[in-house]
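Numbering (my numbering), first residue to last: -8 to 324. Have a look at the structure below before the remarks.
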Amino acid sequence: MFSFSSEPGQLCDGVTRREFLRVGGAAMLGLSLPKILALQANADTALDPSEPLNGFGNAKSVILLFLQGGPSHIDIWDPKPDAPSNVRGEFKPIRTNVSGIWLSETMPLLAKQMDKATLIRSVSYTPAGLFNHTAAMYQMVTGETPDKVKPSGQLDPPAPYDHPNVASHVSKFLPPDVPMLASVQLPRPMQESNIIGKGGNAGFLGRAYDPYFLFQDPNEEIKLDDLKLRPEVPPVRLEQRKNLLETINAGMPEMEKVAETYALNEYYDKAYDLILSQRARNAFDLTQEPDAMRDRYGQHTFGQSVLLARRLIEAGTRFVQVNWPSVANGDPF
């Protein structure tokens, strides 16, 4: 089993909150997960199974609400009530069920559950080039600063040598236990000024670990043509194609080497299982949710995207990144 933690006896299915923050903090400092693993592999300290384990230990999935272009932190997590009027938010601060922590009045339900959350208000980034959104976005989701920032503030388009999105690490080292998409990103790509930048895909880990990109409005009927068989391809024919691919790879070492380099074999196997399974298609079907539940999440793009993220996680997806639907689009908050 892949060991993710330096805590004694902790494995990938028992990561403590402290260990998660330690790994995340190291990523912020430029020490990405592969580097951490290499250091741990060379460590001399052996695990002591007799030492007790602490922490929640059962977290196996993540929903990341990435609010680029969304509500400001002063309007949700950090109201700054003592700051000057031109700094603090327009909303009033409210108490939470944790002494000394205040939230904006826009978050009354979360305020009652703050003892179950961790609030970090000191996160920042170290820019490469300009202080701009795209460089900060890249660092937040990869743990690395971008290697090149254009004078306009935009990054180069995504490339195979980019550092992977955190979801891609999860897809590689903790894949789903069932035929299900390992990670999903919705309802729009990570972009600035309608330009898709780096940070959203698997980069050097290979395309097999790219998130499944669903750039559709969940309020509308979601089309999943790539998760079902085409009418002219029955299951028997699909099985024949799979067998043919395996035969070709086995008989042509060079082709097999190329496939391994780009992790295409894993990609095809996952696609094959997904197509034959109803699990993914059912998870994307929001019509299975009661109207009252859909209303509770909000009948708008962001609310329905979060509801869809919950359904995907319940179906076995490990990581779902929900991006804010559109920069300054007036989507209800």
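By construction, the Cβ of each residue, glycine as well, lies at the ideal position given by its N, Cα and C atoms.
**Asked** Three-state secondary structure (DSSP) at Val89?
**Response** coil
**Request:** Name the one or two DSSP bridge partners that Val311 has.
**Result:** Ile54 and Val175
**Message:** Among the candidates Leu58, Gly191 and Ile65, whose CA atom is the shortest distance from the CA of Gly80?
**Reply:** Ile65
**Asked** Can you tell me where the alpha helix (DSSP H) with Lys163 in it begins and where it stops?
**Response** Val157 to Phe164
**Message:** Whole angstroms are fine: how far does the CA of Met98 sit from the CA of Gln176?
**Reply:** 25 Å
**Item:** Cβ neighbour criterion (16 or more within 10 Å) applied to Gln279
**Value:** exposed
**Request:** Please list, in chain order, all residues of the same chain as Ser162 whose beta carbon is under 6 Å from its beta carbon, the five residues on each side excluded.
**Result:** Ala173, Ser174 and Tyr200
**Prompt:** Cα separation between Ser52 and Arg302?
**Reply:** 12 Å
**Asked** Can the beta-carbon of Asn273 be found less than 8 Å from the beta-carbon of Pro178?
**Response** no
**Prompt:** Got a sec: does the ligand GDP put a non-hydrogen atom nearer than 7 Å to the Cβ of Lys103?
**Reply:** Ligands displayed in this structure: none; no statement on the ligand GDP is therefore possible.
**Request:** Measure the CB-CB distance between Leu196 and Ser159 and report whether it falls below 8 Å.
**Result:** yes
**Message:** According to DSSP, simplified to helix, strand and coil, what is Gln204?
**Reply:** In the sequence as presented, Gln is not what sits at residue 204; that position holds Phe. Strand.
**Request:** Please report the Cβ distance between Trp93 and Pro72, rounded to the nearest whole angstrom; I am assuming they are in contact, meaning their Cβ atoms lie under 8 Å.
**Result:** 7 Å
**Item:** First through last residue of the alpha helix (DSSP H) which encompasses Tyr129
**Value:** His124 to Thr133
**Request:** State buried or exposed for Ala300, treating a residue as buried only when at least 16 other CB atoms are found within 10 Å of its CB.
**Result:** buried
**Request:** Please confirm whether Met128 and Met171 have their CB atoms less than 8 Å apart.
**Result:** no
**Prompt:** So who's on the other strand from Ser95, going by DSSP bridges?
**Reply:** Pro84
**Asked** Start and end of the alpha helix (DSSP H) containing Ser115?
**Response** First-last for Ser115: undefined, no H or E at that position.
**Prompt:** Could you give the C-beta distance for Ala108 and Pro155, rounded to a whole number, given that I count them as a contact under 8 Å?
**Reply:** Between Pro155 and Ala108 the Cβ distance is about 27 Å, and since that is not below 8 Å, they are no contact.
**Prompt:** Roughly how many angstroms lie between the CA atoms of Leu298 and His291, to the nearest whole one?
**Reply:** 11 Å
**Message:** For Asn123, tell me which candidate among Thr133, Ile111, Tyr152 and Pro137 has the shortest Cα-Cα distance.
**Reply:** Pro137
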